[in-house]
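Just so you know, the sequences run in chain order A and B. Per the numbering used here, residue 10 is the first one in the first sequence, and the count goes up by one each step. Per the numbering used here, residue 10 is the first one in the second sequence, and the count goes up by one each step. In what follows, a structure is listed as structure tokens, so that the remarks can point back to it.
Protein chains: 2
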Amino acid sequence: MPARSDDTSILCVGSVALDSVETPFGKAERVLGGSAVYFSAAATLFHPVQVVGVVGDDYPLSDLDFLADRGADLSGIERREGASFFWAGRYHFDLSSRDTLETRLGVFADFEPKIPASFRRARYVFLGNIDPVLQHDVLDQVESPEVVACDTMNYWIEASRDALVDLLARVRILIINDEEVRQLAGEPNLLKAARWVQAHGPELVVVKKGEHGAMLFGDDWLFFVPGFPLEAVFDPTGAGDAFAGGFVGYLARAGSLAPDDLRRAMVYGSVMGSYAVEEFSVRRLIDLSQADIQRRLVQFREITAFETHVGQFAGR
Amino acid sequence: MPARSDDTSILCVGSVALDSVETPFGKAERVLGGSAVYFSAAATLFHPVQVVGVVGDDYPLSDLDFLADRGADLSGIERREGASFFWAGRYHFDLSSRDTLETRLGVFADFEPKIPASFRRARYVFLGNIDPVLQHDVLDQVESPEVVACDTMNYWIEASRDALVDLLARVRILIINDEEVRQLAGEPNLLKAARWVQAHGPELVVVKKGEHGAMLFGDDWLFFVPGFPLEAVFDPTGAGDAFAGGFVGYLARAGSLAPDDLRRAMVYGSVMGSYAVEEFSVRRLIDLSQADIQRRLVQFREITAFETHVGQFAGR
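Rendered as structure tokens:
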């Protein structure tokens with residue numbers, strides 16, 4: 010794919026971090042991490058991305074060359090004196106829970122997203138999981154995006170609830186996990202929680218359920234994709250951002266939010282999430298080929314497709 | 010459907026109980042319950058069933074007339090002096106967990122399944138969740154069933170493990186929930202746990218995941234069906250047995266274990282499980298029409314189907 014950055018690119022704003030991760034299978038020290046990195050590693054396999062973030066002077070920026078090579082414009086990553094955002098965590102035996110060992114915000118503590126002039130006409134915007142106040146700032150700087158997709162987390166739902174609820178009115182697609190949407194809506198039933206969100210702005214709600222898959226809630230329809238059954242999940246970090254990258258990346262490529270495209274986008278998101286967890290950091294996404302992506306898309310179809318044969322009992 | 014009971018019927022052995030259930034939405038006292046009842050209430054919508062179980066002299070047998078009306082042969086339900094199996098439970102607010110308030114085995118404590126002569130040539134057998142030793146006894150009494158499907162629970166995995174593992178060699182389809190299969194196989198990964206089961210006998214493993222759906226593991230393929238998104242789950246009791254009823258009922262009706270039929274059977278199982286939870290006891294299944302079943306089957310297809318459009322990026 011030729012590198013390019015223009016109005017049709019996806020603008021992605023989020024964290025650009027270093028992660029130290031321990032799982033039952035091994036350990037990786039100070040590897041590429043952060044929502045903007047996982048998102049872009051997945052999305053650039055579908056469509057060009059413009060990345061906005063901040064790193065310290067310790068960041069191995071050349072490790073992001075693979076993103077530039079496939080169409081990411083990294084000129085919006087500000088480099089400042091100080092330490093990059095650093096997160097260290099340890100996953101438990103079954104990988105479904107983890108302990109945070111250390112979080113050092115570094116230069117990310119004062120992050121004020123500055124959207125370069127050439128990025129401001131982006132038609133697709135992905136707001137990674139950062140303070141909703143900053144997500145507002147980003148939208149204030151872009152002209153008239155067609156599609157704003159937004160992630161968040163339990164911390165902001167508690168600490169910055171008003172800004173987050175206000176933000177929803179500016180967002181077309183909320184991407185959130187099942188616990189978070191229940192918390193945000195104050196409603197344990199997912200259908201009702203999604204409807205609560207829709208009443209506050211977004212016409213589309215994507216609910217990520219980890220190994221249990223993901224659901225898309227449209228106006229009067231919904232779509233479900235399972236988690237891809239893997240024999241070994243190596244490192245779950247970033248799966249949700251990789252999902253968002255595949256999802257938004259495909260939509261931008263298709264240039265459409267038609268239900269058929271949204272369904273495929275959900276599956277492409279799941280494809281990217283499933284690959285992301287096969288190795289530490291974004292490693293599995295670096296060399297991933299279009300053939301790998303298409304192969305797993307077909308596998309998703311094989312594990313979910315059935316013929317209804319309605320009427321086969323007629324007359325019996 | 011004309012009532013009939015012959016070699017092509019499904020033989021179902023399990024509990025025939027009375028349940029008192031409390032949920033956040035209401036309360037039902039001494040209503041129809043038990044694995045054989047839920048199974049039959051679902052399966053008879055697809056195929057005739059022969060039921061074997063035991064009840065006390067307090068059981069409202071006429072409440073089972075709806076089963077006879079649609080093709081169940083209830084002559085294998087033994088009526089003995091004493092109290093019927095009684096279970097009382099209370100579901101928590103989110104319905105995903107419950108407390109057992111009371112269990113009185115009554116006449117079920119000495120249950121020794123006696124398979125009537127006219128049931129012994131059944132080609133399809135469903136072994137409900139009872140002591141694996143009794144499940145062996147049932148199989149000793151039937152001639153040469155083509156398809157034996159079997160359910161179990163954590164209690165038997167602990168208390169009667171050897172008999173259960175021996176039983177697996179006589180079972181073609183194990184129907185079990187996700188926690189149970191992990192416990193049985195001693196393996197947290199579902200793919201590996203299913204393979205462990207298959208190495209011990211069953212060629213097919215159905216893993217029920219409650220609201221997260223169900224998976225079927227075949228020899229070198231698998232299939233996934235989501236839980237049906239319901240706005241209100243009224244009473245989760247018996248959902249797994251209703252699933253098994255739809256699953257085995259459809260297979261017996263189709264007379265085939267071809268992958269396409271197994272896939273549809275998984276969806277019919279999910280249809281029945283999803284209806285079962287909409288009311289207390291088996292109430293929702295009593296008046297359920299074939300049109301209701303087909304309508305929800307189509308809804309399952311709508312929430313899972315997507316077109317791969319592989320090749321749409323070719324040349325870009």
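By construction, the Cβ of each residue, glycine as well, lies at the ideal position given by its N, Cα and C atoms. As the structure is a computational prediction, the values presented were derived from the model and not from experiment.
List the whole-angstrom C-beta distance separating residue i from residue j, where the pair is believed to meet the contact cut-off of C-beta under 8 Å.
i                      : j                      : result
residue 40 of chain A  : residue 289 of chain A : 6 Å
residue 250 of chain B : residue 84 of chain B  : Actually they do not touch by this definition, with Cβ atoms about 21 Å apart.
residue 111 of chain A : residue 94 of chain A  : About 11 Å; that fails the 8 Å criterion.
residue 92 of chain B  : residue 65 of chain B  : 4 Å
residue 239 of chain B : residue 275 of chain B : Wrong, their Cβ atoms sit about 18 Å apart, outside the cutoff.
residue 245 of chain B : residue 104 of chain B : 6 Å
residue 260 of chain B : residue 280 of chain B : The pair is not a contact, with the Cβ atoms about 14 Å apart (cut-off 8 Å).
residue 63 of chain B  : residue 22 of chain B  : At roughly 10 Å, the Cβ-Cβ gap does not stay under 8 Å, so residue 63 of chain B and residue 22 of chain B are not in contact.
residue 51 of chain A  : residue 258 of chain A : 6 Å
residue 180 of chain B : residue 159 of chain B : 4 Å
residue 161 of chain B : residue 185 of chain B : 6 Å
residue 268 of chain B : residue 227 of chain B : 7 Å
residue 187 of chain B : residue 215 of chain B : About 11 Å; that fails the 8 Å criterion.
residue 286 of chain B : residue 243 of chain B : 6 Å
Excluding sequence positions up to five away, which residues of its chain have a Cβ less than 6 Å from the Cβ of residue i?
i                      : result
residue 202 of chain A : 190, 191, 194 and 196
residue 278 of chain B : 252, 255 and 256
residue 272 of chain A : 232
residue 235 of chain A : 222
residue 282 of chain A : 248, 251 and 252
residue 36 of chain B  : none
residue 178 of chain A : 210
residue 156 of chain B : 133 and 181
residue 87 of chain B  : 63
Residues bridged to residue i by DSSP?
i                      : result
residue 153 of chain B : Looking at the DSSP assignment, residue 153 of chain B forms no beta bridge with any residue, so it has no partner.
residue 160 of chain A : A:184
residue 43 of chain B  : The partner list for residue 43 of chain B (beta bridge, DSSP) is empty, contrary to what the question assumes.
residue 96 of chain B  : B:28 and B:112
residue 133 of chain B : B:19 and B:156
residue 88 of chain B  : B:64
residue 299 of chain B : For residue 299 of chain B, which the question treats as bridged, DSSP gives no partner whatsoever.
residue 82 of chain B  : B:59
residue 226 of chain A : A:214 and A:231
residue 35 of chain B  : B:32
residue 107 of chain A : A:100
Using C-beta distances below 8 Å, list every residue in its chain close to residue i, excluding the 5 sequence neighbours before and after it, in chain order.
i                      : result
residue 102 of chain B : 33
residue 308 of chain A : 237
residue 297 of chain B : 54 and 284
residue 48 of chain B  : 21, 23, 58, 135, 137, 250, 251, 253, 254 and 257
residue 169 of chain A : 140, 141 and 142
residue 299 of chain B : 54
residue 301 of chain B : 284
What do you reckon, is the C-beta of residue i under 7 Å from a heavy atom of the ligand MG?
i                      : result
residue 247 of chain A : With respect to small molecules bound, the structure shown includes none, and the ligand MG cannot be examined in it.
Near residue i, what residues of its chain come up, given a Cβ to Cβ distance below 7 Å and the 5 sequence neighbours on each side ignored?
i                      : result
residue 99 of chain B  : 31, 107, 108 and 110
residue 117 of chain B : 24, 63 and 94
residue 212 of chain A : 181 and 228
If we count Cβ pairs, one from each stretch, closer than 8 Å, do we get three or more for the region 302-314 of chain A versus the region 13-28 of chain B? no
Positions along the region 213-231 of chain A whose CB lies within less than 8 Å of some CB in chain B: 218, 221, 222, 224, 230 and 231
Output, in sequence order along the chain, the residues in the region 188-214 of chain B whose CB is closer than 7 Å to any CB in chain A. 197, 198, 199, 200 and 201
What residues in the region 306-320 of chain A bring their beta carbon closer than 9 Å to a beta carbon of chain D? The chain labelled as chain D is not found among the protein chains of the depicted structure, namely A and B.
So, does the region 131-149 of chain A touch the region 72-82 of chain A, judging by three or more C-beta pairs under 8 Å? no
Please identify, using Cβ separations under 7 Å, the residues of the region 267-297 of chain A that lie next to chain B, in order along the chain. 269, 272, 273 and 276
Looking at chain B, which residues of the region 236-248 of chain A have a Cβ within less than 9 Å of any of its Cβ atoms? 236, 238, 239, 240, 241 and 242
Between the region 122-131 of chain A and the region 142-160 of chain A, do three or more beta carbon pairs fall short of 8 Å? yes
If contact means a Cβ-Cβ distance below 9 Å, which residues of the region 82-103 of chain A contact chain B? 102 and 103
Output needed in chain order: residues of the region 30-53 of chain B with a Cβ under 8 Å from some Cβ in chain A. none
Quick one, which residues of the region 113-132 of chain B are near chain A if we go by CB-CB under 7 Å, in chain order? none
Proximal residues, the region 64-82 of chain B versus chain A, C-beta separation under 9 Å: none
Using a Cβ-Cβ cut-off of less than 9 Å, list which residues of the region 251-263 of chain A approach chain B; keep chain order. 262 and 263
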